[in-house]
Amino acid sequence: MAHYNFDTEATAKKHFIKAMEDKYGKEWGSNQQSDDIQATTAKYLRLGTAQNPRKMEMAKIGAEIQKKRGLQAYDPMLHLAGIPLGQRQLTPYTLGGTDIVCDGDDLHYVNNAAMQQEWDDIRRTCVVGMDLAHETLEKRLGKEVTPETINYYLEVLNHAMPGGAIVQEHMVETHPAMVDDCYVKVFTGDDSLKDELDPQFVIDIDKMFRPDHAAQIKASIGKSSFQAVHIPTVVSRTADGGQTSRWMAMQVGMSFISAYHMCAGEAAVADLAFTAKHAGLVEMSEMLPARRARGPNEPGGLSFGHMCDIVQTSRKFRDDPCKIALETCAAAMMLYDQIWLGGYMSGGVGFTMYATAAYTNNTVDDNLYADTEYGWDKYGLEVAKNVAPSIDVIRDIGTWGALYGLELYENYPTALEDHFGGSQRATVISTATGAAVAIATGNSNAGLSGWYLSMYLHKEAHGRLGFFGYDLQDQCGATNVFSYQSDEGLLAEMRGANYPNYAMNVGHQGGYTTVCTGGYTGRGDGFAINPLVKTCFADDLMNFDFVEVRECFGKGALREFDRCAGERAFVIPAK
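314 is the number of the first residue of the sequence shown in the working numbering; add one for each residue after it.
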């Protein structure tokens, strides 16, 4: 198992071609389909589900479940009244930027533990400031706050946050084996304070980021200090994202009471609670309006900028903005398309196929490296050396990128077969084109303009983009890219899944996030919009690897992802 840093379009092209050959020209499972994919004719064996070991496994277990419970369960022969999937070749997928090949079914988030853990780690996380609480302790209660008292408070808090009793007698507690993923660390831009704190509790910005990024992040944070809080996965799974800040605030309040020897009922406790729940709180996503009916820390309120900062690839691959954009693309496509639109919003099972087009088989990789190289070569650019955004630049790179993507489908028909829907192709081409414009200009809104131009050109070439209604946002979006209005125009990093006209179309939201990534990585910056979020996730204790996202998904598909949290095995009978 390996992951690659392509660096150039030529390398990306090589891996794209190999992925197509693996997908259509090699045996997979018990399928004996081994035609030359360059041939003009092919013989299809029509093996149905028998060609695919995963489908056969599913059919076998479905039959066992049906027998055990005496009630109909999964049966592939019920598809289309007896015409099962697999009338043509059931093809595998190569995770982009890796050598991992897997079944499509194993990229459904229900079947992929890594995908679940990505969302778990986001939903269970929040950041809360320490300064307001320290001011309350010092000015209202006359308590002394020192590095020693902070260290003791963090000891107490890391006992209490998972669910340990800290103040009141006769309290039940959570078992440590059920909440071993829960912890709290702190970070600050103040080196003198950092050096006085116990290293076990510190996210050391200087160690986790390259020097230029560390300096930028520390300057943005200043002397303030913050807590990076990750509540137990099992808690946020049982409740929802809105539980994250409430669970955090309860344990933070109790820990202050215990560590600073306060009376639980005194008035200052209310100030500490208000700070933790509201005044000092940074959540990963905002609460949605009533018609969406979701609290904070749910996918629909997660801004594209925060999603960019959650992904950590930029810490290790600063000089390859395409690599950073591609890993962010995978994380965002999975969350926004597969879980938010495919689960929360529609309840469907087909959304996986729209998302996988953007992070498998190295197709976006090839397009993005090619588009970026064109812009860099044409204007003499590199990371942190940008061309000023203008209509001419956007038209130039956007047109070249759209035509390159369209010609890729013409030159490699297997790519057209892989991306069987117009909406997949529209997403793939525009994601690469928009991100390349953003990388060249360092401007995410210029990247959005490149996205919309690509859509116009794509429709001109193919006569359509996607299914009915898919075209809406791509034909009206260009009008608000540079028009800041309350309901439509907004900085791309501050838009999100519930932004007007973005709310219910597959493949777009992860693509917009990729464009935003291009903006900050093209500038060579250490973060997209929020240094607190970027620093919070710069932590090797996180269960999900936010640096190598696609490799993580691949491990999940192969059933090799072993950093799962929130499991109930400890408190149920062994099987």
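Heads up, the beta-carbon is just placed ideally off N, CA and C, and yes, glycines get one too.
- Residue 867 places its beta carbon 9 angstroms or farther from that of residue 403.
- Of 565, 569, 500, 528, the smallest CA-CA separation from residue 539 is found for 500.
- The C-beta distance from residue 641 to residue 830 rounds to 4 angstroms, short enough to meet the 8 angstroms contact threshold.
- Residue state for residue 741 is assigned as helix, using DSSP reduced to three classes.
- Between the alpha carbons of residue 426 and residue 440 lies a gap of roughly 25 angstroms.
- The beta carbon of residue 805 sits closer than 6 angstroms to those of 757, 758, 761, 829, all from its chain and outside the five residues before and after it, given in chain order.
- With fewer than three CB-CB distances shorter than 8 angstroms, the stretch 876-886 does not count as touching the stretch 557-570.
- Take residue 424, set aside five residues on each side of it, and the residues of its chain with a beta-carbon closer than 7 angstroms to its own are 418, in chain order.
- The Cβ atoms of residue 454 and residue 497 lie no closer than 9 angstroms to each other.
- The C-beta of residue 875 has fewer than 16 other C-beta atoms within 10 Å across all chains shown, which makes the residue exposed.
- Within the DSSP secondary-structure output, residue 653 pairs in no beta bridge.
- If you draw a straight line from the Cα of residue 753 to the Cα of residue 743, it is about 15 angstroms long.
- Residue 436 counts as buried, since no fewer than 16 other beta carbons sit within 10 angstroms of its beta carbon.
- For residue 542 and residue 457, the gap between their C-alpha atoms comes out near 24 angstroms.
- Considering only 730, 415, 638, 888, the residue with the shortest C-alpha distance to residue 859 is 638.
- Sixteen is the threshold: when 16 or more other Cβ atoms of the shown chains lie within 10 Å of the Cβ of residue 787, as they do, the residue is buried.
- Following the DSSP letters along the chain, one finds residue 596 inside the beta strand (DSSP E) bounded by residues 594-596.
- Straight-line spacing of the CA atoms in residue 555 and residue 335 works out to 43 angstroms.
- As the crow flies, the alpha-carbon of residue 650 is around 7 angstroms from that of residue 823.
- In the three-state reduction of the DSSP assignment, residue 415 falls in the strand class, which pools E and B.
- According to the DSSP assignment, residue 659 belongs to no beta strand (DSSP E), since it is labelled neither H nor E.
- Here the alpha carbons of residue 572 and residue 477 stand approximately 14 angstroms from one another.
- With fewer than 16 other Cβ atoms from the protein chains shown falling within 10 Å of its own Cβ, residue 724 counts as exposed.
- Three or more pairs of CB atoms, one per stretch, sit closer than 8 angstroms, so the stretch 649-667 contacts the stretch 607-616.
- Fewer than three beta-carbon pairs drawn from the stretch 508-525 and the stretch 571-587 are found closer than 8 angstroms, and the two stretches are therefore not classed as touching.
- With 16 or more neighbouring CB atoms inside 10 Å of its own CB, residue 809 falls in the buried class.
- Within 10 angstroms of the beta-carbon of residue 785 lie fewer than 16 other beta-carbons, which makes it exposed.
- Here residue 888 is exposed: its Cβ has fewer than 16 other Cβ atoms, across all protein chains shown, within 10 Å.
- Cβ contact annotation for residue 590 (same chain, cutoff 8 angstroms, sequence separation greater than five): 558, 559, 562, in chain order.
- Collapsing the DSSP output to three states places residue 541 in a strand.
- Here residue 460 has 506, 509, 510 as same chain residues with Cβ atoms under 8 angstroms from its own Cβ, once five neighbours each way along the sequence are excluded.
- Annotation for residue 519: 527 place their beta carbon closer than 7 angstroms to its own, counting only its chain and skipping 5 residues before and after.
- In this structure, residue 679 lies near residue 322, with their beta-carbon atoms less than 9 angstroms apart.
- Counting along the chain, the unbroken alpha helix (DSSP H) around residue 824 starts and ends at 821-836.
- CA-CA distance, residue 522 to residue 645, rounds to 22 angstroms.
- A distance below 9 angstroms separates the beta carbons of residue 594 and residue 442.
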